[in-house]
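This report concerns only the one structure given below.
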Amino acid sequence: MIQLEKSKFRPNEAYFVEHQKRPGWWIFQGSFPYAVCTIIPNEDWTVIEIHHVIVFNEQQRRKGHGSKMISRIRRFFPEATIWVDTWDHSRPFWQTMVDRKYINFIGNDYSWPCFDTSCLTCHPSRVNGIRRFQRKEEEK
Ligand SMILES: [Zn+2]
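If you use the working numbering, the sequence shown corresponds to residues 1 to 140, in order.
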């Protein structure tokens with residue numbers, strides 16, 4: 001089953017394009033121009049890590065392009081174990097993807113704040129986006 005899907009889609013550059021700098025990593029373009037992601041398969045594509053999901057346009061966010069893309073990857077590899085490491089702010093999205101069985105599991109069971117210091121989900125105490133630690137008055 002997976003072999004069939006693989007031979008059907010992997011050579012087709014419309015869907016999967018090998019990452020230019022990282023051999024063995026593939027860009028999935030099946031939802032272009034709305035979204036792309038990077039996938040990192042093992043040798044026989046039975047275990048697939050979804051690595052870097054990008055939904056391009058701010059106005060296109062929360063319109064289901066991300067979940068549509070993930071569901072397509074599942075359709076290509078129905079028997080693969082698909083997993084992801086996730087930032088704190090995108091964890092609810094990925095939990096929904098687990099619930100819908102598009103992916104098998106979230107890899108990290110620990111909190112993982114993103115690098116965007118203005119992201120209030122990942123950095124709730126950085127209300128003003130200041131990077132430096134600031135002691136509260138009562139702690140001095
Ligand atoms: Zn974040």
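Cβ coordinates follow ideal geometry from the N, Cα and C atoms, glycine included.
Burial state of residue i, where buried means 16 or more other Cβ atoms lie within 10 Å
i: Tyr142; result: Given that the chain is displayed from residue 1 to residue 140, the structure contains no residue 142 and the question cannot be resolved.
i: Gly64; result: exposed
i: Ser31; result: buried
i: Phe77; result: buried
i: Phe115; result: exposed
i: Ser125; result: exposed
8 Å contact criterion, which residue i and residue j should meet: CB distance rounded
i: Trp141; j: Trp112; result: Since the displayed the chain opens at 1 and closes at 140, residue 141 lies outside it and no answer follows.
Length of the line joining the Cα atoms of residue i and residue j
i: Gln3; j: Arg75; result: Low confidence applies to Gln3: its pLDDT is 41, below 50, so where it sits in the model is not reliable enough to give any reading.
i: Thr46; j: Gly24; result: 14 Å
i: Ser67; j: Ser90; result: 12 Å
i: Ile54; j: Ser71; result: 15 Å
i: Ile73; j: Thr96; result: 15 Å
i: Asn104; j: Pro41; result: 14 Å
i: Phe9; j: Gln20; result: Note that Phe9 scores a pLDDT of 44, beneath 50, so its modelled location is shaky; the value from the coordinates is reported in the next line. Answer to the nearest angstrom: the Cα atoms are 18 Å apart.
i: Arg62; j: Thr81; result: 25 Å
i: Asp109; j: Val98; result: 14 Å
i: Cys37; j: Asp85; result: 13 Å
i: Met69; j: Pro92; result: 16 Å
i: His226; j: Glu18; result: The requested residue 226 is not part of the displayed model; the chain covers only 1 to 140.
i: Thr117; j: Ile39; result: 26 Å
i: Thr121; j: Glu79; result: 33 Å
Within 8 Å, strictly: CB atoms of residue i and residue j
i: Glu49; j: Trp83; result: yes
i: Ala35; j: Phe16; result: no
Residue i Cβ short of 7 Å to ligand 2 heavy atom set
i: Thr117; result: In the structure on display, ligand 2 does not appear, and the ligands it does have are ligand 1.
At 4 residues or longer, what runs of the alpha helix (DSSP H) sit wholly inside the stretch 10 to 57? Counting whole runs of 4 or more residues, the stretch 10 to 57 contains no alpha helix (DSSP H) stretch at all.
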